[in-house]
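A short worksheet on the structure shown next.
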Amino acid sequence: MTRKQRFQYVIDYFLHHAPDAETELLYDNPYQLLVAVILSAQCTDKRVNMTTPAIFEKYPDADSLSKATFDELFPFIRSISYPNNKTKHLIGMAKMLQEQFNGEVPLTVEELVQLPGVGRKTANVITSVVDQQPNMAVDTHVFRVSARIGLTLNAKTPLATEKQLIQHIPKELIHIAHHWLILHGRYVCVARNPKCEKCGITAVCKYYQKNVAVKK
DNA sequence: ATCCCGAGGG
DNA sequence: CCCTCTGGAT
């Protein structure tokens with residue numbers, strides 16, 4: 001099977017089985033999505049969603065969040081990974097939104113990565129989810145799943161994974177393909193003991209063929 | 001002990 | 001490239 005055929009098989013499968021895949025983070029506008037994605041670093045979406053409603057109620061926009069003090073905001077974030085960093089990042093991010101972007105979330109990767117707490121992955125999430133830009137955010141799930149299936153070849157960094165995926169996935173499908181890989185990684189192709197018996201694409205999966213199929 | 005939609009700094 | 005940040009779930 002060629003690499004092109006592998007991509008085609010995977011795309012066809014998810015187009016049929018997950019045509020409406022989308023983020024599981026709770027949000028109502030770009031500002032809320034940005035806050036949620038910053039909080040999601042090394043933390044499950046489920047746990048982020050437990051904290052964001054209270055944050056959005058007290059800090060409904062960049063203006064109110066920019067005026068928060070560390071001690072006011074910290075308790076909301078305390079039970080998430082890296083609460084110190086994330087509290088600082090959120091306030092700093094909101095201040096820069098106010099000072100440089102009229103309180104609105106910019107929708108280019110170049111502008112987004114200037115914000116405290118926003119790196120390439122977060123910028124790709126915002127621009128692809130809010131604006132359907134053909135940017136591929138590579139998180140731990142996308143990285144792992146792509147490597148296992150064989151969508152990526154010898155990709156050792158998230159950036160390498162991003163470039164290979166963008167090269168092989170049609171532009172108009174990149175933003176949804178991100179969610180296909182995320183959700184597949186979260187519920188089926190999990191890090192430890194992947195649930196290959198539940199997986200619909202083992203026929204083209206390098207990991208399955210190497211580690212599972214041979215033992216049967 | 002390992003993992004979760006990483007970012008910043010050295 | 002490396003390291004640190006750092007809590008909860010499994």
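For the first sequence, the UniProt record's numbering begins at 1 and goes up steadily by one.
Glycine included, each C-beta is placed from N, C-alpha and C at the ideal position.
From residue i to residue j, what does the alpha carbon distance come to, in whole angstroms?
i	j	result
S81	A41	7 Å
V130	Q5	30 Å
L15	R192	26 Å
E104	Y31	7 Å
T202	H175	23 Å
M96	Q114	9 Å
T157	A62	32 Å
F143	L25	19 Å
T122	I166	17 Å
L151	V204	10 Å
K210	T108	40 Å
K198	P83	35 Å
L73	T87	6 Å
D12	A177	11 Å
P19	I126	20 Å
H179	N135	12 Å
D28	E57	12 Å
N154	A160	9 Å
K171	S128	11 Å
I149	V138	15 Å
So for residue i, helix, strand or coil by DSSP?
i	result
V188	coil
D71	helix
V142	helix
E111	helix
P106	coil
V212	coil
residue 229	A query on residue 229 cannot be resolved here, the shown segment of the chain reaching from 1 to 216 and no further.
C196	helix
Y27	coil
K86	helix
Excluding the 5 residues preceding and the 5 following residue i in the sequence, name in chain order all residues of the same chain whose CB lies nearer than 7 Å to its CB.
i	result
V212	C196
H141	L181, I182, G185 and R186
V145	L181, H184, G185 and C189
How would you label residue i, buried or exposed, when you count the other beta carbons within 10 angstroms and need 16 or more for buried?
i	result
H17	exposed
A54	exposed
F70	exposed
G117	buried
M50	exposed
T52	buried
Please work out which residues of its chain come closer than 6 Å, Cβ to Cβ, to residue i, disregarding the five sequence neighbours upstream and downstream, and give them in chain order.
i	result
L65	Y59 and A94
residue 218	Because the chain is modelled from 1 through 216, residue 218 falls outside the range shown and cannot be assessed.
Report all residues from its chain with a CB closer than 8 Å to the CB of residue i; omit the five preceding and five following residues, and keep chain order.
i	result
I38	K86, H89, L90, M93, G117, V118 and T122
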